[in-house]
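Beneath this line is the structure, given in structure tokens, with notes to follow.
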Amino acid sequence: MLWKSAIRNRKMIVTRFAPSPTGRLHLGHAFSALFAEAAVKKEGGTFLLRIEDIDSTRCRQEFTEGIIEDLSWLGIQWSPEVVIQSERLDLYAEALGRLREQGLLYPCFCTRKDIVREIAAAGGAPHDQADVVYPGICRDLSETLRRQRVAGGEAHAWRLDSRKAVERAGELNWTDLELGTQRVCMDRLGDVVLARKDIAGSYHLAVSVDDAGQGVTLVTRGEDLLGSTHVHRLLQGLLELPVPQWHHHRLLRDAEGKRFAKREEGMTLRAIRESGKSAADVRGDLGF
Ligand code: GLU
143 MLWKSAIRNR KMIVTRFAPS PTGRLHLGHA FSALFAEAAV KKEGGTFLLR
193 IEDIDSTRCR QEFTEGIIED LSWLGIQWSP EVVIQSERLD LYAEALGRLR
243 EQGLLYPCFC TRKDIVREIA AAGGAPHDQA DVVYPGICRD LSETLRRQRV
293 AGGEAHAWRL DSRKAVERAG ELNWTDLELG TQRVCMDRLG DVVLARKDIA
343 GSYHLAVSVD DAGQGVTLVT RGEDLLGSTH VHRLLQGLLE LPVPQWHHHR
393 LLRDAEGKRF AKREEGMTLR AIRESGKSAA DVRGDLGF
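If you count by the working numbering, then the sequence shown holds residues 143 to 430, one letter each, in order.
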């Protein structure tokens, strides 16, 4: 196992590219993958590929195949063992169980509408759904009511009680190679979902479990995930997982300053390839 031997050799870095197969890869993904590759080239080490496909409502096998095709074309070399998150749900369930035993989770029965309504009632106006901090509607339900509703088969997610969790974990820091030492602060994301209503896990839980399981020592990814890193570092503390370093990179933007998104068909690596550009052109354009 390549990554196991890399773990033994502490001097070598282990990094990963972890796309979600919800569309074709675009230039922003290429930048991210090449950024990780550059770290491995500089330091020596292992490049892992992980397919983050636990969201079965949005992920498709054809996009996983597209990822492999596009990265191969780009000339990226990854360790042969590709981790597929949808095959590892039992590991996430086990980690979830450990957090539940610590009394750090609570069932949340809210719909998206309930949450938006509650925030509006409190005078807030969430513009971007992704940035909504859960207002805590289910956090203070009595234990009896929780049990009744769960036993009654009511659909529920599991949320981290972030205040309790921070208290339990104590002061935690993490290091970004550019930003330096950061202190864990959950104000930005609050009581995140660790198991969705329809999936026995969530992005935050799966990433934390897998980065540890794969011996990742350097997480490189876009700066849009800075907030998530606070969650991941907290989970590492609570689950006693090894702590990597992070290197968040700037996001690639188009001429109008807009982020490359998967729906911009023209910017997919496939479309770029079909337009006659070579992988060397793309590497050059992106500064690698
Ligand atoms: N799967 C995530 C994405 O495609 C990236 C996760 C990570 O790098 O931690 O945005």
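Quick reminder that beta carbons are idealized off the backbone N, C-alpha and C, glycines included. As the structure is a prediction and not an experimental result, all values here were calculated from the model.
Helix, strand or coil: which one does DSSP assign to Val156? strand
Tell me, which residues are paired with Thr410 by DSSP? His168
Alpha helix (DSSP H) containing Gln290: first to last residue? Glu285 to Ala293
For Gly186, count the other beta carbons within 10 Å of its own beta carbon; 16 or more makes it buried, fewer makes it exposed. Which is it? exposed
Thinking C-beta only, is Ala342 closer than 8 Å to Arg235? Sequence inspection shows Ala at residue 235; the Arg mentioned does not correspond to that position. Yes, Cβ-Cβ distance for Ala235 and Ala342 is below 8 Å.
Trp388 and Val361 closer than 8 Å at C-beta: yes
Could you tell me which residues DSSP pairs with Thr188 in its beta bridges? Val156
Are there 16 or more other CB atoms within 10 angstroms of the CB of Gln290, so buried, or fewer, so exposed? exposed
8 Å CB neighbourhood of Gln203 in its chain, flanking five on each side removed: Pro163
Could you check which residue in Leu368, Ile261 and Pro249 has the C-alpha nearest to that of Leu287? When each option's Cα is compared against that of Leu287, the closest is Pro249.
Hey, would you say the C-beta of Pro161 is under 7 Å away from at least one heavy atom of the ligand GLU? yes
Buried or exposed (CB count within 10 angstroms, at least 16 for buried), Asp340: exposed
Nearest residue (CA-CA) to Leu347, options Glu207, Val326, Leu381 and Glu320: That would be Leu381, whose Cα lies nearest to the Cα of Leu347.
Nearest-angstrom Cβ-Cβ length linking Ala421 and Trp215, presumed shorter than 8 Å: Between Ala421 and Trp215, the beta carbon gap of about 6 Å places them in contact (Cβ cut-off 8 Å).
Considering only heavy atoms of the ligand GLU, does any lie closer than 7 Å to the CB of Arg281? no
Report yes if the C-beta of Arg240 is less than 7 Å from at least one heavy atom of the ligand GLU; otherwise report no. no
Quick one: residues in its chain with C-beta nearer than 7 Å to the C-beta of Cys252, no 5 flanking neighbours on either side, listed in chain order? Non-local C-beta neighbours of Cys252 in its own chain, meaning closer than 7 Å and more than five positions away in sequence, comprise Ile279 and Cys280, ordered along the chain.
In angstroms, rounded to a whole number, what distance separates the CA positions of Phe189 and His374? 20 Å
How long is the line joining the alpha carbons of Leu169 and Leu428, rounded to whole angstroms? Here the C-alpha atom of Leu169 lies approximately 8 Å from the C-alpha atom of Leu428.
What three-state label does DSSP hand Thr199 in the structure shown? In this structure, Thr199 counts as coil in the three-state DSSP scheme.
Under the three-state reduction of DSSP, which class applies to Ile209: helix, strand or coil? DSSP places Ile209 in helix when its eight states are reduced to three.
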